[in-house]
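K.L.:
Protein chains: 2
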Amino acid sequence: MTTVAVRRTQAERSAATRARIIAATVDSLVELGHAGTTTLEVQRRAAVSRGALLHHFPSRAELLVAAVAELFQAQRDVVGPAMLRAQELGSIDVGIDILWLSFNSPLAIAIDELWSAARNDAELRDALARQDRDQRSDVRALCAVLWPGYVDHPNYELALPVLIDAMHGAARARVVRSDRATAKRLAAWKELLHQLWA
Amino acid sequence: MTTVAVRRTQAERSAATRARIIAATVDSLVELGHAGTTTLEVQRRAAVSRGALLHHFPSRAELLVAAVAELFQAQRDVVGPAMLRAQELGSIDVGIDILWLSFNSPLAIAIDELWSAARNDAELRDALARQDRDQRSDVRALCAVLWPGYVDHPNYELALPVLIDAMHGAARARVVRSDRATAKRLAAWKELLHQLWA
DNA sequence: CCAGAAACAGTCATCCTTGACTGTTAGCGG
DNA sequence: CCGCTAACAGTCAAGGATGACTGTTTCTGG
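Chains as they are written, first to last, in my numbering: chain C, 7 to 204; chain G, 7 to 204.
So this is what it looks like as structure tokens:
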């Protein structure tokens with residue numbers, strides 16, 4: 007019984023394996039957190055041998071850093087579709103709902119998990135700092151699309167960072183709070199922007 | 007050479023050792039994070055034997071839960087003195103500076119570290135959820151003292167949760183951002199409250 | 001003053017993780 | 001078609017963490 011596998015170039019095989027490994031890493035980060043994401047766990051989830059894993063990522067640190075880059079790219083693909091689906095762009099309320107999505111994706115959770123680890127890992131911290139700068143630009147651009155009518159409002163630059171920080175904080179606090187509390191937050195943010203951008 | 011140690015009751019000895027262990031745990035949480043806070047590390051810092059540590063806290067989990075309670079109590083003692091030192095209570099700016107203190111103490115960092123771990127530890131999560139409720143009451147009471155002149159303002163209830171969430175988010179983002187960014191945040195919050203509570 | 005319990009001390013087996021190491025296969029350039 | 005290299009497979013040693021276990025000291029109630 008000979009293998010009748012589809013012939014693939016080495017580059018294709020390699021890329022596929024690498025992608026599987028990173029996807030497994032992200033899944034593990036979401037489900038088990040940074041501490042639970044051992045190289046063995048990733049290896050199991052990706053169904054690769056130890057040799058394959060170590061070949062692509064010589065150390066656990068390099069694996070996580072690679073995951074950072076991947077997460078950043080994937081995060082971009084989360085909000086875009088939501089924006090396209092939104093009928094009534096320009097509304098404060100719809101904009102906040104969409105923006106909140108980007109803090110709720112599994113990717114955001116994985117990134118958050120890495121932030122925690124970064125406090126004691128200089129290499130990871132640098133990687134995340136660079137990624138954070140890029141991501142902030144993205145978010146700013148996103149907001150400009152969400153609320154084109156308000157970008158020139160004198161309170162626009164004031165409210166945006168506060169709103170984003172608040173979402174960060176609320177997303178984090180969700181671990182120990184109820185869903186109802188989160189819903190209240192959403193309402194409060196909408197009310198706040200309505201007042202500030204009146 | 008007989009020991010000439012001061013005679014202490016068992017309860018005193020026990021309490022002292024227990025306190026040393028918890029203090030060491032908090033220190034380790036701040037310096038090394040949750041993952042780095044092993045029972046061995048705590049044992050070394052507290053200069054106690056393994057038997058002593060395991061006697062007071064049979065498992066690592068119980069140690070961390072005990073640290074939660076201790077942290078909560080200690081957190082209370084951070085802001086109080088700052089409030090007393092403040093000359094000009096009632097001012098928005100001073101109030102924000104003081105409130106921000108409570109997010110900068112080592113204790114806040116340790117608590118944050120435990121929040122990260124709580125996502126994968128039900129026992130810890132429950133302990134933190136209870137503590138979070140208490141702490142939120144405390145913060146509300148603190149704000150009432152900081153801004154007695156605004157508690158009846160129609161926007162008071164609206165602004166407070168947003169401000170606190172934003173501080174949470176900013177405190178967390180500090181890991182990957184500059185101090186200058188933090189200073190900007192402080193200014194923005196002040197400006198925001200000035201507008202909302204005009 | 002003494003029996004017993006609480007508070008500590010020190011050691012150990014077990015488990016887990018990590019990355020190094022050796023062996024094998026599949027594709028690519030010449 | 002052939003030698004080489006990248007891609008993968010599987011095993012292993014070293015280190016560290018955890019909690020169980022046994023032994024010793026210190027206090028307290030009767």
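Here a beta-carbon is modelled for each residue, glycine too, at the ideal position from N, C-alpha and C. Only a predicted model underlies this, so the values are computations on that prediction, with no experimental measurement involved.
By Cβ distance, which residues of its chain are closer than 7 Å to P154(G), with the 5 residues on each side in sequence left out?
P.N.:
Here the question's residue 154(G) lines up with position 148 in the second sequence. Taken in chain order, the residues that qualify are G96.
K.L.:
Quick one: what does DSSP say Y162(C) is sitting in, helix, strand or coil?
P.N.:
Residue numbering aside, residue 162(C) sits at position 156 when the first sequence is read from its first letter. Residue state, collapsed to three classes: helix.
K.L.:
Pull up the distance between the alpha-carbon of A116(G) and that of A73(G), whole angstroms please.
P.N.:
Taking the second sequence and counting its residues from 1, one reaches residue 116(G) at position 110. Taking the second sequence and counting its residues from 1, one reaches residue 73(G) at position 67. For A116(G) and A73(G), the distance between alpha carbons rounds to 9 Å.
K.L.:
Nearest-angstrom Cα distance between Q141(G) and W106(G)?
P.N.:
As a first step, residue 141(G) must be located in the second sequence, where it is residue number 135. As a first step, residue 106(G) must be located in the second sequence, where it is residue number 100. Going by the C-alpha atoms only, they are around 15 Å apart.
K.L.:
With a cut-off of 8 Å, do at least 3 Cβ pairs link the segment 52-66 of chain C to the segment 80-93 of chain C?
P.N.:
With a cut-off of 8 Å, the segment 80-93 of chain C and the segment 52-66 of chain C do not count as touching, because too few Cβ pairs lie within range.
K.L.:
Helix, strand or coil for S184(C) per DSSP?
P.N.:
The count along the first sequence starts at 1 and reaches residue 184(C) at position 178. The answer is coil: DSSP assigns S184(C) none of H, G, I, E or B.
K.L.:
From D99(G) to A75(G), what does the alpha carbon distance come to, in whole angstroms?
P.N.:
By one-based count along the second sequence, residue 99(G) stands at place 93. By one-based count along the second sequence, residue 75(G) stands at place 69. Between D99(G) and A75(G), the C-alpha separation is close to 31 Å.
K.L.:
Do A187(C) and A114(C) count as a contact pair if the criterion is CB distance below 8 Å?
P.N.:
By 1-based counting over the first sequence, the position of residue 114(C) is 108. By 1-based counting over the first sequence, the position of residue 187(C) is 181. No; because the gap between Cβ atoms is not below 8 Å, this pair is not in contact.
K.L.:
Counting beta carbon pairs with one atom in the segment 132-139 of chain C and one in the segment 44-52 of chain G, are three or more of them shorter than 8 Å?
P.N.:
Too few Cβ pairs lie closer than 8 Å, so no.
K.L.:
CB-CB under 7 Å to E212(G), same chain, minus the five flanking residues each way: which ones, in chain order?
P.N.:
Nothing can be reported for residue 212(G), as the shown portion of chain G is limited to 7 through 204.
K.L.:
My guess is that F109(C) and M173(C) are in contact by the Cβ rule of under 8 Å, so how many angstroms apart are they, rounded?
P.N.:
Walking along the first sequence from the start, residue 109(C) turns up at place 103. Walking along the first sequence from the start, residue 173(C) turns up at place 167. 5 Å between Cβ atoms; contact.
K.L.:
Measuring only the C-alpha atoms, how far is R191(C) from P64(C)?
P.N.:
Sequence index remark: in the first sequence, residue 191(C) carries index 185 (1-based). Sequence index remark: in the first sequence, residue 64(C) carries index 58 (1-based). Each residue's Cα considered, the two are about 43 Å apart.
K.L.:
Just to make sure I have the definition right: I need the residues of chain G whose C-beta is within less than 9 Å of the C-beta of D158(C). Which are they?
P.N.:
Locating residue 158(C) in the first sequence gives position 152, where the first residue counts as 1. Simply none; closest approach about 17 Å.
K.L.:
Hey, is H174(C)'s beta-carbon within less than 8 Å of any beta-carbon in chain G?
P.N.:
Position 168 of the first sequence, counting from 1, holds the residue named residue 174(C). Yes - at least one Cβ of chain G is within 8 Å of the one on H174(C).
K.L.:
Pick helix, strand or coil for T8(G), following the three-state DSSP scheme.
P.N.:
On the second sequence, position 2 is the one that residue 8(G) refers to. Low confidence applies to T8(G): its pLDDT is 31, below 50, so where it sits in the model is not reliable enough to give any reading.
K.L.:
Just to confirm the assignment: which complete beta strand (DSSP E) runs, minimum length 3, are found wholly within the segment 79-143 of chain C?
P.N.:
Whole beta strand (DSSP E) segments, 3+ residues: zero.
K.L.:
Output, in chain order, the set of chain G residues within a Cβ distance shorter than 7 Å of V181(C).
P.N.:
Locating residue 181(C) in the first sequence gives position 175, where the first residue counts as 1. Simply W121, A124, R125 and R131.
K.L.:
For R82(C), which residues in the same chain have their Cβ closer than 8 Å to its Cβ, ignoring the five residues on either side in sequence?
P.N.:
The sequence position of residue 82(C) within the first sequence is 76, counting from 1. Result list for R82(C): D144, in chain order.
K.L.:
In this structure, does DSSP put W203(C) in helix, strand or coil?
P.N.:
For the purposes of this step, residue 203(C) is taken as residue 197 along the first sequence, with counting starting at 1. Looking at W203(C) - three-state DSSP - the assignment turns out to be coil, as it is neither helix nor strand.
K.L.:
For the candidate residues P167(C), N126(C) and L198(C), whose alpha-carbon lies nearest to that of A193(G)?
P.N.:
To locate residue 193(G), count along the second sequence from 1; it is residue 187. The residue with the shortest Cα to Cα distance from A193(G) is P167(C).
K.L.:
Which bits of chain G does A135(C) rub up against, with CB to CB less than 7 Å?
P.N.:
Here residue 135(C) refers to the residue found at position 129 when the first sequence is read from its first residue. Ordered by position in chain G, the residues that pass the 7 Å Cβ test against A135(C) are V182.
K.L.:
Would N161(C) and W195(C) qualify as a contact pair, given that the criterion is a beta-carbon distance under 8 Å?
P.N.:
Residue numbering aside, residue 161(C) sits at position 155 when the first sequence is read from its first letter. Residue numbering aside, residue 195(C) sits at position 189 when the first sequence is read from its first letter. No; because the gap between Cβ atoms is not below 8 Å, this pair is not in contact.
K.L.:
So what's V157(C) in DSSP terms, helix, strand or just coil?
P.N.:
Position 151 of the first sequence, counted from the first residue, corresponds to residue 157(C). Of the three classes helix, strand and coil, the one that applies to V157(C) here is coil, per DSSP.
K.L.:
Give the single residue among D158(G), E163(G), H159(G) and C149(G) whose Cα lies nearest to the Cα of D103(G).
P.N.:
Translated into positions along the second sequence, residue 103(G) becomes position 97. Of D158(G), E163(G), H159(G) and C149(G), the residue nearest in Cα terms is C149(G).
K.L.:
Can you check whether the CB of L199(C) is closer than 8 Å to the CB of L164(G)?
P.N.:
For the purposes of this step, residue 164(G) is identified with residue 158 of the second sequence, where counting begins at 1. For the purposes of this step, residue 199(C) is identified with residue 193 of the first sequence, where counting begins at 1. It is not a contact, given that the beta carbons lie outside the stated cut-off.
K.L.:
Output yes or no for whether 8 Å exceeds the beta carbon distance between L70(G) and G101(G).
P.N.:
In the second sequence, counting from the first residue as 1, residue 70(G) sits at position 64. In the second sequence, counting from the first residue as 1, residue 101(G) sits at position 95. Contact: no.
K.L.:
Keeping to the same chain, check which residues put their C-beta closer than 6 Å to that of A67(G); ignore five residues upstream and five downstream.
P.N.:
Residue numbering aside, residue 67(G) sits at position 61 when the second sequence is read from its first letter. Cβ neighbours of A67(G) beyond the five flanking positions: E129.
K.L.:
With 16 other CB atoms within 10 Å as the buried threshold, where does L46(G) fall?
P.N.:
Within the second sequence, the letter at position 40 stands for residue 46(G). So L46(G) ends up on the exposed side.
K.L.:
Does G101(G) come within less than 8 Å of chain C when only Cβ atoms are used?
P.N.:
Stepping through the second sequence from its first residue, residue 101(G) is reached at position 95. Not closer than 8 Å to any Cβ of chain C, the Cβ of G101(G) fails to qualify, so no.
K.L.:
D140(G) CB to nearest chain C CB: under 8 Å?
P.N.:
Here the question's residue 140(G) lines up with position 134 in the second sequence. Taking Cβ atoms only, chain C never reaches closer than 8 Å to D140(G), which makes this a no.
K.L.:
Check each residue of the segment 39-69 of chain G: if its Cβ is closer than 8 Å to any Cβ of chain C, include it; give the result in chain order.
P.N.:
So the close ones are G39, H40, A41 and G42.
K.L.:
Pick out whichever of A179(C), L169(C), T31(C) and Y156(C) has its Cα sitting closest to the Cα of D138(G).
P.N.:
By one-based count along the second sequence, residue 138(G) stands at place 132. That would be A179(C), whose Cα lies nearest to the Cα of D138(G).
K.L.:
Need the endpoints of the alpha helix (DSSP H) that S20(G) sits in, please.
P.N.:
Numbered from 1 along the second sequence, position 14 holds the residue referred to as residue 20(G). It spans Q16 to G42 - the alpha helix (DSSP H) in which S20(G) sits, taken as one unbroken run.
K.L.:
Throw me the rounded Cβ distance for the E122(G) and S122(C) pair, which I believe falls under 8 Å.
P.N.:
Stepping through the second sequence from its first residue, residue 122(G) is reached at position 116. Stepping through the first sequence from its first residue, residue 122(C) is reached at position 116. The amino acid at residue 122(G) is misidentified as Glu; the sequence shows Ser. Contact flag correct, Cβ pair sits at about 4 Å.
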